[in-house]
Amino acid sequence: MTRAGLSSDGRHHEAFLEMLSAERGAAPNTLKAYHADLTDFAAHATAAGESASGASASTLASYMAGLARAGLSARTAARRLSCLRQFHRFLAREGLREDDPTAKLEAPRAGQTLPRFLSEAEVAALLRAAGPSGGLPERRQKLALAALEILYATGLRISEMLALRRDALSGDGQVLLVRGKGGRERIVPLSDEARKAAQELVASRVPSAPGRVDRPYLFAGRDPKRAMTRQGFDLVLHETAIRAGLDPLHLSPHVLRHSFASHMLAHGADLRSLQRLLGHADIATTQIYTHVLAERLQRLVELHHPLAVAARSQASNGGASTGGTSQPPELC
């Protein structure tokens with residue numbers, strides 16, 4: 001492949017990523033992942049004597065087959081194929097090529113994996129460990145408690161929480177204004193405990209010296225002008241998990257998001273409401289939690305169905321019945 005070809009590929013990649021950012025509001029992490037995916041495919045195309053933007057269907061098929069042989073998960077391979085499909089459709093739309101070589105490729109099928117979440121008792125233990133009696137240093141304690149209360153009360157993504165400005169709280173602190181994926185804004189209610197913890201965190205900060213800019217973020221990093229990093233919060237979460245007697249390797253901000261969703265459904269929330277709270281663009285994304293609905297429906301049947309009631313009644317009476325036979329109740 002010529003140097004000019006490489007330069008052309010680079011320009012096409014850059015134009016594609018700019019389109020994702022400008023037209024679709026793609027998050028920085030998404031752009032970073034897509035850039036890595038395109039770079040990886042470009043290396044494969046180069047080895048096959050082609051450019052990434054001019055690759056044939058057979059080259060794309062061999063690339064996907066190579067991902068499977070390398071042991072990449074179906075989810076990761078599907079994401080890479082999605083990136084390549086969007087890239088080649090962008091090229092066709094811009095008149096840079098006439099065909100879509102990804103059209104006949106099938107996405108790898110990922111097995112249905114249930115999201116990991118904490119029990120309500122585990123969440124309670126985590127919040128106690130982040131509380132005043134949990135043993136964390138005072139400044140870290142207030143930060144940990146505010147962050148965990150907000151994550152569990154709202155189901156925010158960690159990126160959304162760390163991006164919260166100090167003025168994100170409404171005047172009375174009842175709701176949060178959140179900017180989510182794709183720049184979409186939503187309003188989420190805030191619990192009394194989360195609001196109180198956030199207010200105490202802000203009140204605990206030393207006022208800025210005259211002439212200095214105050215911390216603009218609710219969760220500020222070492223540099224007061226910048227938000228706390230994910231790595232910084234991971235350290236706080238790790239320490240809090242240990243104090244709560246939980247395995248920190250099985251705990252993450254996303255596990256708390258899953259816990260929020262699972263517990264909401266278990267206590268009667270519906271999928272549509274949960275979709276709005278989580279900021280999912282598609283209800284299909286929220287449906288990963290239908291296992292919780294299935295469990296709840298099963299409990300309802302066991303609790304209220306006449307045959308189930310009769311079975312419990314018979315068991316509590318030691319199996320005794322009139323006439324030596326068990327009769328189901330009449331159904332009208």
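Those letters in the sequence shown? Residues 1 to 332, per full-length UniProt numbering, in order.
Note that the Cβ used here is the ideal one computed from N, Cα and C, for glycine as well.
Review point. Under 8 Å from any heavy atom of the ligand ADP, does the C-beta of L38 make it?
Key: The model depicted lacks the ligand ADP and carries no ligand whatsoever.
Check your understanding: Measuring CB to CB, does residue 362 end up less than 9 Å from P101?
Key -> Outside the displayed range of the chain (1 to 332) lies residue 362, so it cannot be described from this structure.
Check your understanding: Where does P253 land, buried or exposed, given buried means 16+ other C-beta within 10 angstroms?
Key -> Position 253 of the sequence shown, counted from the start, is the residue given in the question as residue 253. Looking at its Cβ environment, which holds 16 or more other Cβ atoms inside 10 Å, P253 is buried.
**Study point:** Ranges of the alpha helix (DSSP H) found wholly within the segment 119 to 181, counting only runs of at least 4
**Key:** Within the segment 119 to 181, the complete alpha helix (DSSP H) runs of at least 4 residues are 120 to 130, 138 to 154 and 158 to 162.
Check your understanding: What did DSSP end up calling P28 once you bin it into helix, strand or coil?
Key -> Position 28 of the sequence shown, counted from the start, is the residue given in the question as residue 28. Three-state DSSP puts P28 in a helix.
Review point. Tell me which same chain residues have a C-beta within less than 6 Å of the C-beta of A130, skipping the five on either side of it?
Key: Counting from 1 along the sequence shown, the entry for residue 130 is found at position 130. Same-chain partners within the cutoff: A144, L145, L148 and T240.
Point to revise | Residue nearest to I187 in terms of C-alpha spacing, selected from E14, F219 and G173 | key: Taking the first residue of the sequence shown as position 1, residue 187 is located at position 187. Across the set E14, F219 and G173, the C-alpha of G173 shows the shortest separation from the C-alpha of I187.
Check your understanding: Pairing CB atoms from the segment 241 to 261 with CB atoms from the segment 195 to 205, are three or more of them under 8 Å?
Key -> Not touching, per the Cβ criterion.
Point to revise | DSSP-derived helix/strand/coil call for R186 | key: For the purposes of this step, residue 186 is identified with residue 186 of the sequence shown, where counting begins at 1. If DSSP states are grouped into helix, strand and coil, R186 belongs with the strands.
Point to revise | Pairwise C-alpha distance: A266 and T290 | key: Indexing the sequence shown from 1 puts residue 290 at position 290. Indexing the sequence shown from 1 puts residue 266 at position 266. In a straight line, the C-alpha of T290 is about 10 Å away from that of A266.
Check your understanding: Nearest CA to the CA of K104: which residue from N29, T59 and V175?
Key -> What you label residue 104 is simply residue 104 of the sequence shown in a count that begins at 1. Distances from the CA of K104 to each of N29, T59 and V175 were compared; the closest alpha carbon is that of T59.
Practice item. Measure the alpha-carbon distance for V236 versus Y152 and round it to whole angstroms. Key: Working through the sequence shown from its first residue, we reach residue 236 at position 236. Working through the sequence shown from its first residue, we reach residue 152 at position 152. In this structure, the straight-line span from the alpha carbon of V236 to that of Y152 is close to 16 Å.
Review point. Exposed or buried, which one is K142 when buried takes at least 16 other CB atoms within 10 Å?
Key: Start at 1 with the first residue of the sequence shown, and residue 142 comes out as number 142. K142 should be labelled buried.
Check your understanding: Which residues mark the beginning and the end of the alpha helix (DSSP H) in which H88 is found?
Key -> For the purposes of this step, residue 88 is taken as residue 88 along the sequence shown, with counting starting at 1. Start and end: A74 to R93.
Exercise for review: Since I believe G134 is in contact with R243 (beta carbons under 8 Å), could you give me their beta-carbon distance rounded to a whole number of angstroms?
Suggested key: Residue mapping note: residue 243 aligns to position 243 of the sequence shown, counting from 1. Residue mapping note: residue 134 aligns to position 134 of the sequence shown, counting from 1. Yes, they are in contact, since the Cβ atoms of R243 and G134 sit about 5 Å apart, within 8 Å.
Point to revise | Status (buried if at least 16 other CB within 10 Å, exposed otherwise) for A320 | key: Taking the first residue of the sequence shown as position 1, residue 320 is located at position 320. The predicted model places A320 with a pLDDT of 49, which falls under 50 and marks its position as unreliable, so this point remains unresolved.
Check your understanding: Can A107 and A68 be called in contact, C-beta distance under 9 Å?
Key -> Within the sequence shown, the letter at position 107 stands for residue 107. Within the sequence shown, the letter at position 68 stands for residue 68. Cβ atoms of A107 and A68: not closer than 9 Å.
Check your understanding: Taking contact to mean at least 3 C-beta pairs separated by less than 8 Å, is the segment 75 to 90 in contact with the segment 218 to 235?
Key -> No: fewer than three Cβ pairs fall under 8 Å.
Point to revise | In chain order, each alpha helix (DSSP H) run of at least 4 residues that lies wholly inside the segment 225 to 307 | key: The qualifying runs are 230 to 243, 253 to 266, 271 to 278, 283 to 286 and 290 to 304.
Check your understanding: So what does DSSP say about A70, is it helix, strand or coil?
Key -> As a position in the sequence shown, residue 70 is number 70, starting the count at 1. A70 falls in the coil class under three-state DSSP.
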